[in-house]
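Residue numbers for the sequence shown follow the working numbering, so the first one is 2 and each next one is one higher. Right, one structure below, let's go through it.
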Amino acid sequence: MGADLNPGAEFRHTTVLLDEAVEGVLARPDGIYVDGTFGRGGHSRALLARLAPEGRLIGIDRDPEAVAAAAAVTDPRFAIVHGGFADMAEQLAAIGVHRVDGVLLDLGVSSPQIDNPERGFSFRFDGPLDMRMDTTRGESAADFLARADEHEIAQVIRDYGEERFAGQIAKALVARREAGAPLARTDELRELVARAVKTREPGQDPATRTFQALRIHVNRELEQLEQGLNAALRLLAPGGRLSVISFHSLEDRRVKQFIAAHSKAEFDRRAPFAPPPALALKSLGRVMPSAAEVKANPRARSAVLRIAERTDAPLKA
Numbered sequence: 002m003g004a005d006l007n008p009g010a011e012f013r014h015t016t017v018l019l020d021e022a023v024e025g026v027l028a029r030p031d032g033i034y035v036d037g038t039f040g041r042g043g044h045s046r047a048l049l050a051r052l053a054p055e056g057r058l059i060g061i062d063r064d065p066e067a068v069a070a071a072a073a074v075t076d077p078r079f080a081i082v083h084g085g086f087a088d089m090a091e092q093l094a095a096i097g098v099h100r101v102d103g104v105l106l107d108l109g110v111s112s113p114q115i116d117n118p119e120r121g122f123s124f125r126f127d128g129p130l131d132m133r134m135d136t137t138r139g140e141s142a143a144d145f146l147a148r149a150d151e152h153e154i155a156q157v158i159r160d161y162g163e164e165r166f167a168g169q170i171a172k173a174l175v176a177r178r179e180a181g182a183p184l185a186r187t188d189e190l191r192e193l194v195a196r197a198v199k200t201r202e203p204g205q206d207p208a209t210r211t212f213q214a215l216r217i218h219v220n221r222e223l224e225q226l227e228q229g230l231n232a233a234l235r236l237l238a239p240g241g242r243l244s245v246i247s248f249h250s251l252e253d254r255r256v257k258q259f260i261a262a263h264s265k266a267e268f269d270r271r272a273p274f275a276p277p278p279a280l281a282l283k284s285l286g287r288v289m290p291s292a293a294e295v296k297a298n299p300r301a302r303s304a305v306l307r308i309a310e311r312t313d314a315p316l317k318a
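Structure below.
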């Protein structure tokens with residue numbers, strides 16, 4: 002059963018760092034903006050409330066349910082695109098937009114995706130082992146585990162889940178598959194990981210890191226993020242803003258490194274007195290959720306917002 006898309010739906014989403022992200026990205030009220038992760042429209046609605054009548058907002062989302070939910074936004078300044086933000090340059094060009102004044106990205110998985118058992122993102126509910134953000138294409142988590150070898154599975158769980166028991170988990174997964182019982186349900190994966198992982202941090206389910214790793218791999222989240230950041234940089238007009246919310250260290254590290262690479266000059270020992278090169282971005286800092294927000298919405302506790310502004314320097318080739 003899919004998520005109810007009406008207001009007051011069963012699967013609710015509380016937008017994290019709402020005001021901070023919107024204020025951070027809003028360079029000029031009459032500009033053109035991209036909400037690259039529409040979700041259930043929390044950031045988009047807040048942006049529209051602050052935009053001038055001549056402003057414009059394009060929402061993007063890979064999830065067909067999110068795109069369907071966008072039909073509830075009837076503001077003529079708004080348009081929705083089904084796709085990933087990694088391809089935003091091509092998507093915007095198709096509707097005649099080649100420059101924008103701000104790009105907002107709220108990374109990771111949304112509450113409606115987590116809370117709907119049919120999507121397979123969470124070990125808290127039993128459901129199909131899917132995990133795809135775009136259910137119309139690509140390989141599900143169950144498909145990946147049914148065909149990948151032990152080394153590949155271990156590498157995914159180690160690299161994307163930072164799981165020190167990745168080898169034991171991969172071995173158990175392949176052994177079960179070879180015994181003729183490949184995984185198809187989230188409960189099956191959770192139980193297998195619980196048997197393979199001998200110790201875990203207090204308060205954390207043993208399956209947490211494995212579920213995160215498979216979700217990141219299935220959706221190519223880190224590759225999509227790097228492509229999306231580069232696309233945003235190419236699209237931003239001078240003075241335009243980039244506002245990115247991350248929820249785990251793998252994402253935040255890439256956002257931090259990307260902004261630093263375009264906002265900090267490297268010291269050249271061969272020419273110590275040369276003028277610093279022109280840089281494409283200016284970092285505007287990092288914002289963390291308040292204690293009150295974390296108390297009201299525990300999913301906000303790991304969120305990090307980073308904001309940068311496009312300069313008028315030309316991009317490097």
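Cβ coordinates follow ideal geometry from the N, Cα and C atoms, glycine included.
Check: Which residues does DSSP pair with SER244 in a beta bridge?; Outcome: LEU105 and ILE308
Check: Among residues of its own chain, excluding the 5 on either side of SER264, which ones have a beta-carbon nearer than 7 Å to its beta-carbon?; Outcome: LEU280, LEU282, LYS283, SER284 and ALA309
Check: I believe ILE96 touches ALA71 by the beta-carbon criterion, under 8 Å. Please report the beta-carbon distance rounded to the nearest angstrom.; Outcome: The Cβ separation is near 15 Å, so there is no contact.
Check: Pick from HIS152, VAL194, ALA155 and LEU108: whose alpha carbon is nearest that of ALA304?; Outcome: LEU108
Check: Three or more C-beta pairs under 8 Å: does that hold for the stretch 112–121 against the stretch 166–174?; Outcome: no
Check: Is the stretch 186–197 touching the stretch 118–135 in the sense that three or more CB pairs, one from each, lie closer than 8 Å?; Outcome: yes
Check: Exposed or buried, ALA67, counting other C-beta atoms within 10 Å across all chains shown (16 or more means buried)?; Outcome: buried
Check: Quick check on GLU11: does DSSP put it in helix, strand or coil?; Outcome: With a pLDDT of 46 at GLU11, under the threshold of 50, the predicted position of this residue should be treated as unreliable, though the coordinate-derived value follows. Looking at GLU11 - three-state DSSP - the assignment turns out to be coil, as it is neither helix nor strand.
Check: Alpha carbons only, please: which of ARG46, GLU21 and GLY56 is nearest the one belonging to ASP31?; Outcome: GLY56
Check: Considering only C-alpha positions, which residue in the set ARG307, ARG300, LYS317 and ALA314 is nearest to THR15?; Outcome: ARG300
Check: Using the beta-carbon count (16 or more within 10 Å), is GLN258 buried or exposed?; Outcome: exposed
Check: So, are the CB atoms of LEU226 and GLU202 less than 8 Å apart?; Outcome: no
Check: With a threshold of 7 Å on Cβ separation, who are the neighbours of GLU151 within its own chain once the five nearest residues in sequence on each side are excluded?; Outcome: ALA171, LYS172 and VAL175
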